[in-house]
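S.K.: Please read through the structure below; I'll follow up with questions.
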Amino acid sequence: MLHIENLRAEVDGKEILKGLSLDVPAGEVHAIMGPNGAGKSTLSYVLTGRSGYDVTGGTATLDGEDLLALDPNERAAKGVFLSFQYPLEIPGVPALTFIRTAMNAQRKARGEAEITAQAFLKLAREHAAALKIDFDMLKRALNVGFSGGEKKRMEIFQMAMLAPRFLILDETDSGLDIDALKIVSEGVNAMRSPDRGMLVITHYQRLLDYIKPDKVHVLAGGRIAATGGPDLALELEREGYDKYARAA
Ligand code: ADP
Ligand code: MG
Ligand code: MG
Numbered sequence: 001m002l003h004i005e006n007l008r009a010e011v012d013g014k015e016i017l018k019g020l021s022l023d024v025p026a027g028e029v030h031a032i033m034g035p036n037g038a039g040k041s042t043l044s045y046v047l048t049g050r051s052g053y054d055v056t057g058g059t060a061t062l063d064g065e066d067l068l069a070l071d072p073n074e075r076a077a078k079g080v081f082l083s084f085q086y087p088l089e090i091p092g093v094p095a096l097t098f099i100r101t102a103m104n105a106q107r108k109a110r111g112e113a114e115i116t117a118q119a120f121l122k123l124a125r126e127h128a129a130a131l132k133i134d135f136d137m138l139k140r141a142l143n144v145g146f147s148g149g150e151k152k153r154m155e156i157f158q159m160a161m162l163a164p165r166f167l168i169l170d171e172t173d174s175g176l177d178i179d180a181l182k183i184v185s186e187g188v189n190a191m192r193s194p195d196r197g198m199l200v201i202t203h204y205q206r207l208l209d210y211i212k213p214d215k216v217h218v219l220a221g222g223r224i225a226a227t228g229g230p231d232l233a234l235e236l237e238r239e240g241y242d243k244y245a246r247a248a
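Counting in the UniProt record's numbering, the sequence shown runs from 1 upward without gaps.
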């Protein structure tokens with residue numbers, strides 16, 4: 001599914017990713033952990049094509065297709081989805097309108113017709129019910145005045161509606177209380193599927209008690225410095241990143 005080889009990227013002329021290689025097969029959930037400033041967010045931005053993050057070498061493909069050659073909208077249309085570390089509030093735009101616009105933009109990029117209002121509402125009602133979201137909340141301006149837990153629920157709803165093929169969660173657990181953490185984890189676990197891959201970026205092991213990763217990678221020195229199973233996350237929690245940061 002996702003295949004990254006020897007990826008190099010810089011921000012403001014400073015090299016952040018220095019030959020990073022990583023494979024996430026379809027159906028698997030991989031965690032990336034690493035010290036602050038290691039380049040975890042840079043990796044997620046490079047994969048989604050945010051401007052200002054310049055790739056200077058290496059490759060990243062999704063199902064064999066060169067991701068780096070696509071513009072951000074095309075990547076989204078291929079199903080690459082990045083969750084927000086800090087959910088945006090959009091005054092005046094109801095959550096449902098926002099999601100429908102995003103969905104139709106993706107369909108358009110895939111050469112598909114817009115979803116009908118009827119089909120969209122049916123889908124929205126199904127997912128809202130599954131996530132125990134009050135449908136009226138979806139008519140309010142996106143995230144404005146929502147509690148932390150409601151914002152997270154909204155993000156999971158958005159994910160479920162857009163049904164991405166490859167999901168990147170970048171420190172989506174930061175600042176969450178235990179209830180919100182459970183909402184996010186349950187939502188993410190419900191999205192596990194044999195043809196979907198996920199990259200869970202986190203600074204803390206705690207999230208991985210709820211989202212069991214198939215593999216855990218350490219990002220340090222601009223590369224994947226170590227790979228292991230869930231035990232590696234526990235080791236990092238105990239011993240920190242020093243060992244890997246020094247070796248890198
Ligand atoms: P992490 O997510 O692992 O904490 P980041 O990818 O956010 O790390 O940052 C990696 C490095 O790149 C840091 O040294 C950071 O200061 C730098 N960096 C990230 N984004 C920018 C930016 N927009 N402008 C300048 N430097 C940046
Ligand atoms: Mg950071
Ligand atoms: Mg970050």
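The beta-carbon is built from N, C-alpha and C at its ideal position, and this holds for glycine as well.
Quick caveat, the model's predicted, so the values are computed rather than measured.
Below 9 angstroms between beta carbons: does that hold for Arg8 and Leu47?
M.R.: Their beta carbons are not under 9 angstroms apart, which means Arg8 does not touch Leu47 by this criterion.
S.K.: Return yes when the Cβ of Asp170 is within less than 9 angstroms of the Cβ of Ile201, no when it is not.
M.R.: It is a contact, given that the beta carbons lie within the stated cut-off.
S.K.: Tell me whether Lys182, by its Cβ, gets closer than 8 angstroms to a heavy atom of ligand 3.
M.R.: For ligand 3, not one heavy atom lies less than 8 angstroms from the Cβ of Lys182.
S.K.: Check whether the segment 144-163 touches the segment 48-63, counting contact only when three or more Cβ pairs, one atom from each stretch, lie closer than 8 angstroms.
M.R.: Because the criterion of three Cβ pairs below 8 angstroms is not met, the segment 144-163 and the segment 48-63 do not touch.
S.K.: Got a list of residues with beta-carbon closer than 5 angstroms to any non-hydrogen atom of ligand 3, in chain order?
M.R.: Here the list is Lys40 and Ser41.
S.K.: Applying the criterion that 16 or more other CB atoms from any shown protein chain within 10 Å of the CB defines a buried residue, is Thr116 buried or exposed?
M.R.: So Thr116 counts as exposed.
S.K.: If we call anything under 9 angstroms between Cβ atoms a contact, is Glu96 one with Phe120?
M.R.: For clarity, residue 96 is Leu in the given sequence; the question names Glu instead. Contact flag set, yes.
S.K.: Ligand 1 heavy atoms versus the CB of Val11: any closer than 8 angstroms?
M.R.: Yes, since a heavy atom of ligand 1 falls inside the 8 angstroms radius drawn around the Cβ of Val11.
S.K.: Would you call Val144 buried or exposed, if buried means 16 or more other Cβ atoms sit within 10 Å of its Cβ?
M.R.: Exposed.
S.K.: I need the DSSP call for Phe146, collapsed to helix, strand or coil.
M.R.: Phe146: coil per DSSP, three-state reduction.
S.K.: Going by C-alpha to C-alpha distance, which of Glu89, Leu20, Ile133 and Pro35 sits closest to Gly57?
M.R.: Among Glu89, Leu20, Ile133 and Pro35, the Cα nearest to that of Gly57 belongs to Leu20.
S.K.: Tell me the rounded alpha-carbon separation between Arg50 and Ala233.
M.R.: If you take the alpha carbons of Arg50 and Ala233, they lie about 28 angstroms apart.
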